[in-house]
Amino acid sequence: MKFSILPPPVAQPAGRAAALSADERAAVAGKTYVITGASSGFGKGVALELAAMRANVVLAARRTDALDAVAAEATAKGGNALVVTTDVSRQEDVQRLLDAAVARFGRVDVWINNAAVGAIGVFDTVPVEDHARVVDVNLKGLMYGSHVALRQFRKQGAGTLVNMGSVESMIPQAFHASYSVTKAATLALGRALNEELRLTGAASIKVATVLPWAADTPFFTHAANYSGGTPRMPLMDEPGKVVDAIVWVSVHPREELAVGWKAKAAYAGARLSPGLAERLAGNVMHYYQFKTAPPAMLTHGSLHRAMPEGTGVEDGHRQRMARENAARLGD
């Protein structure tokens, strides 16, 4: 299949997975997907959507209880689920995750590097250990997962690696510095790996990078926050469209997939006028995070220790921001 660096020329309905044909949905049945960050957000949504197609889903995250709950839902939908408690920043955990998947299901067809954390605040007010933890999870974890997946795919002769980037892969965001760094690296890694696969003749191995806009998931509940205000982002997407895009690209792999009109506009803006795009993004973020956000306690979030809160696919941040805006305007 030929790769493209442009968003795919197909219609984007409410759900991309709904655009899969009956034959494509049937072909997912019995395939084995490893999903990191599967205890909530996009990872949980993808696991449940694939389980409904009777896929094997290997669920990885730090929160065993939350993973067990996802596994029960996945099984009820008709899939086969395996829980492997995993901290992706630990190389030995990621290797154990691969070994468990292969021992149970014999192979890995798709590996989805979805786990990610963030830290919000002026760069030099965020503790350096929090920046380091973002790099450990988002970049080192991504590389550990990509490494074991590609080695397994070469052994099998085929496979698809899906890495979760962000609109911040293209336009670095003020007050998200370490997160933006890791998401830029995610995009660069995907491009480098695709060149290597081309040059080594591994045409049956695909690497796709998904580039969503900010979505209403528990990511913002789990983020470290040193801004002094509640986490805020403009025009958040509902997470279902991103979940559907991840499932779609696992069946139709392409090098880069921007999800939705806002991410596509950012993708184009980053190429046509990067300086202007960054300036606009910075101004908007400053307004939302420092001018309009109600006060909030400083927190490490879930960076260093998993928290029980935030186990859904969606997390209610759009409704929260609407309430905050109404209170600020006196409505």
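Residues in the sequence shown are numbered consecutively from 6, following the working numbering. Just so you know, even glycine gets a beta-carbon here, dropped at the ideal spot from N, CA and C.
Closest residue to residue i among the options (Cα-Cα distance)
i: S44; options: T69, T297, G170 and Q294; result: T69
i: A57; options: T316, K188 and D249; result: D249
i: V256; options: R101, A282, S171 and G164; result: G164
i: A207; options: V99, S94, D114 and G162; result: G162
i: G50; options: E29, K82, M290 and S171; result: K82
i: V215; options: A301, E78 and V167; result: V167
i: A190; options: N118, N143 and F180; result: N143
i: V113; options: T235, G317, S151 and G170; result: S151
i: P258; options: H309, K211 and D242; result: K211
i: N288; options: R59, P239 and R325; result: P239
i: R342; options: A121, M148, V127 and A154; result: Lying before the first or after the last residue shown, residue 342 is absent from the chain, which here runs from 6 to 336.
i: E314; options: G46, D28 and R30; result: G46
i: N199; options: V115, L155 and A275; result: L155
i: H309; options: V107, A86, A273 and G123; result: G123
i: S188; options: R203, R159, K160 and A219; result: The question names Ser, but residue 188 in the sequence shown is Lys. Nearest of R203, R159, K160 and A219 to K188, Cα basis: A219.
i: A60; options: G48, A86, D73 and A74; result: A86
i: D242; options: K145, R323, V75 and A332; result: R323
i: G39; options: V254, V115 and A31; result: Here residue 39 is Val; the residue named in the question, Gly, does not match the sequence. Of V254, V115 and A31, the residue nearest in Cα terms is V115.
i: R2; options: S209, N119 and F128; result: Here the chain comprises residues numbered 6 to 336, so residue 2 is not present and cannot be evaluated.
i: G48; options: A31, N119, V107 and R30; result: N119
i: F225; options: R203, G274 and R325; result: R325
Exposed unless 16 or more other CB atoms sit within 10 angstroms - verdict on residue i
i: L303; result: exposed
i: A327; result: exposed
i: R109; result: exposed
i: G111; result: exposed
i: P279; result: exposed
i: A26; result: What sits at residue 26 in the sequence shown is Ser, not Ala. Burial call: exposed.
i: G35; result: exposed
i: Q294; result: buried
i: D221; result: buried
i: K7; result: Annotation note: pLDDT 33 at K7 (below 50); position unreliable, no value reported.
i: Q157; result: buried
i: P18; result: In this predicted model, P18 has a pLDDT of only 37, less than 50, meaning its place in the structure is not dependable enough to derive any value.
i: E201; result: exposed
i: L334; result: exposed
i: E97; result: exposed
i: Y149; result: buried
i: V133; result: exposed
i: N330; result: exposed
i: D28; result: exposed
i: L281; result: exposed
i: A229; result: buried
i: L192; result: buried
i: A268; result: buried
Residue span of the alpha helix (DSSP H) that contains residue i, given as start and end
i: Y272; result: G265 to L277
i: M326; result: H322 to L334
i: M169; result: From DSSP, M169 is part of no alpha helix (DSSP H) but of the beta strand (DSSP E) over G164 to M169.
i: L308; result: Neither: L308 is in no alpha helix (DSSP H) and is coded neither H nor E.
i: R159; result: G146 to Q161
i: A137; result: V133 to V140
i: E97; result: Q96 to F110
i: D28; result: A27 to V33
Test item: CB-CB of residue i and residue j under 8 Å
i: V33; j: L53; result: no
i: V227; j: S174; result: Val is not the amino acid found at residue 227; the sequence shown has His there. Cβ atoms of H227 and S174: not closer than 8 Å.
i: S94; j: D135; result: no
i: Y231; j: T130; result: yes
i: V89; j: A105; result: yes
i: P236; j: V318; result: no
i: F180; j: I125; result: yes
i: T41; j: I117; result: yes
i: A66; j: T91; result: yes
i: S183; j: P217; result: no
i: P177; j: G234; result: no
i: G84; j: V63; result: no
i: T316; j: A77; result: no
i: G265; j: K296; result: no
i: L194; j: L147; result: yes
i: A213; j: E260; result: yes
i: Q100; j: V153; result: yes
i: P223; j: D320; result: yes
i: A286; j: Y272; result: no
i: A31; j: W253; result: no
Near the ligand HEM: residue i beta-carbon under 7 Å from a heavy atom
i: E201; result: As for the ligand HEM, it is missing from this structure, which has no ligand bound.
Delimiting residues of the beta strand (DSSP E) encompassing residue i
i: R87; result: Per the sequence shown, residue 87 should be read as Leu rather than Arg. Element bounds for L87: N85 to T90.
i: Y38; result: T37 to T41
i: V115; result: V115 to N118
is_contact[residue i, chain C] using C-beta, thresh 8 Å
i: E329; result: Absent from the structure: chain C. Only one protein chain is present.
Please specify which runs of the beta strand (DSSP E), each continuous and at least 3 residues long, are wholly inside the segment 50-77, giving them in chain order. 61-66
Just list the beta strand (DSSP E) runs in the segment 189-263, keeping only unbroken ones of 3 residues or longer that don't cross its boundaries, in chain order. 210-217
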